[in-house]
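See structure below.
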Amino acid sequence: MDMAAAGTQPRTLADFKNYLLDCGAAVVGVADLTALPAERRRDFPRAVSIGMALPPDPILHLRRRRQRPADSERPIQAALAELARIALQYLAALGHHAEVLTPTPGTPALTHDEVAVLAGVAWIGKSSRPVNWDFGSAVRLTTVLTDADLAPDKPVDTSFCGTCLVCTQACIAHAPSGNLWHRGEAIRDFFNQAACDERRQKLAALGLDCRVCMSVCPYTTVYMLHSGVDVPNEDETPT
Ligand code: SF4
Ligand code: SF4
Numbered sequence: 053m054d055m056a057a058a059g060t061q062p063r064t065l066a067d068f069k070n071y072l073l074d075c076g077a078a079v080v081g082v083a084d085l086t087a088l089p090a091e092r093r094r095d096f097p098r099a100v101s102i103g104m105a106l107p108p109d110p111i112l113h114l115r116r117r118r119q120r121p122a123d124s125e126r127p128i129q130a131a132l133a134e135l136a137r138i139a140l141q142y143l144a145a146l147g148h149h150a151e152v153l154t155p156t157p158g159t160p161a162l163t164h165d166e167v168a169v170l171a172g173v174a175w176i177g178k179s180s181r182p183v184n185w186d187f188g189s190a191v192r193l194t195t196v197l198t199d200a201d202l203a204p205d206k207p208v209d210t211s212f213c214g215t216c217l218v219c220t221q222a223c224i225a226h227a228p229s230g231n232l233w234h235r236g237e238a239i240r241d242f243f244n245q246a247a248c249d250e251r252r253q254k255l256a257a258l259g260l261d262c263r264v265c266m267s268v269c270p271y272t273t274v275y276m277l278h279s280g281v282d283v284p285n286e287d288e289t290p291t
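See the structure below:
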């Protein structure tokens, strides 16, 4: 897909978010990075968090089987890379500098999840993964750094998981502690990353992956139901 193929030519920064949504993004938010150290944000004042949703049928399959092929997310990662390329093309056409966020050796990396929180796109669930109100934990993210003066969105400060413990109880590795995230809290304070990594590495040796936590999240379930998937009635609703 390119800008011409998407049917709309870039006009102004005000059109930018809707343009990306027209091109297939599920969610788009703008983060104000100016409070972060310059080296972490590569001197860029803004970051655009772009999310796409995994298709619902494979999520239901994962939920039933408790595992999935290791390369399940390759198509959505390719689609996200294409969306990022479109965003760069749009901003360049308006005379702005922009680049895709990639890990920077030797510096505390700014992450897609961190940008999504700052951009109001997601909170961090008890599963340690971003959760969006409309797509649950099935949202996948990329980030474009830019000097364009885009209006920033309101960051997410607290979790919307409430008393839900569905992912905590479903995780065979006991990685989630069940405690809530809030903005600024380190993942290690409420989630056992090593336990999750060990489980996923064992599955990876078999060509498989986990992410059961994503498949059972009630917010993901609501997304699947809204997509018309016939989901078994076995879920709790976050309160
Ligand atoms: S990916 Fe699997 S092991 Fe890791 S937290 Fe989710 S359910 Fe647990
Ligand atoms: S399953 Fe429940 S606790 Fe876990 S991320 Fe989803 S809403 Fe939060």
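FYI, in the working numbering the residues of the sequence shown are 53 to 291.
Every residue, glycine too, gets a C-beta built ideally from N, C-alpha and C.
Here the structure is a predicted model, which means the values were calculated and not measured.
Residue i in three-state terms, based on DSSP
| i | result |
| --- | --- |
| T291 | Residue placement at T291 is poorly supported in this model, since its pLDDT is 41, which falls under 50; the coordinates are not used for a value here. |
| F68 | helix |
| D260 | Reading off the sequence shown, one finds Leu at residue 260, where the question assumed Asp. Note: L260 maps to strand in three-state DSSP. |
| V274 | helix |
| A90 | coil |
| D84 | strand |
| M55 | For M55, the predicted model reports a pLDDT of 47, less than 50, meaning its position is unreliable; a value from the coordinates is still stated below. If DSSP states are grouped into helix, strand and coil, M55 belongs with coil. |
| V268 | helix |
Closest residue to residue i among the options (Cα-Cα distance)
| i | options | result |
| --- | --- | --- |
| D201 | I239, L153, G147 and L135 | G147 |
| D282 | H149, P108, D249 and A238 | P108 |
| G214 | A222, G177 and C223 | G177 |
| D209 | D241, V169, H226 and M276 | V169 |
| L260 | Q119, P182, S279 and A227 | Q119 |
| V264 | L140, I224 and E237 | I224 |
| T154 | R92, D249, V80 and A247 | R92 |
| H226 | C216, V79 and E250 | E250 |
| D241 | P228, A203 and W185 | P228 |
| T194 | T64, A174, F212 and A203 | A174 |
| R115 | R98, T86 and S189 | S189 |
| F96 | L135, A131 and L197 | L197 |
Residue i, buried or exposed, once every other Cβ within 10 Å from all chains shown has been counted against 16
| i | result |
| --- | --- |
| H164 | buried |
| P258 | Reading off the sequence shown, one finds Leu at residue 258, where the question assumed Pro. Counting Cβ neighbours within 10 Å, L258 comes out exposed, since fewer than 16 surround it. |
| A133 | exposed |
| A144 | exposed |
| P182 | buried |
| I138 | buried |
| A150 | buried |
| R192 | buried |
| G103 | buried |
| N285 | exposed |
| G280 | exposed |
| P270 | buried |
| T86 | exposed |
> Which runs of the beta strand (DSSP E), 3 residues or longer, sit entirely within the segment 165-221?
Replying inline: Within the segment 165-221, the complete beta strand (DSSP E) runs of at least 3 residues fall at 191-198.
>> Suppose only complete runs of 3+ residues qualify. What are the beta strand (DSSP E) ranges in the segment 98-166, listed by chain order?
In response: The segment 98-166 is shown to contain whole beta strand (DSSP E) runs of 3 or more residues at 98-105 and 150-152, in chain order.
> Are three or more beta carbon pairs between the segment 71-80 and the segment 231-238 nearer than 8 Å?
Replying inline: Touching, no.
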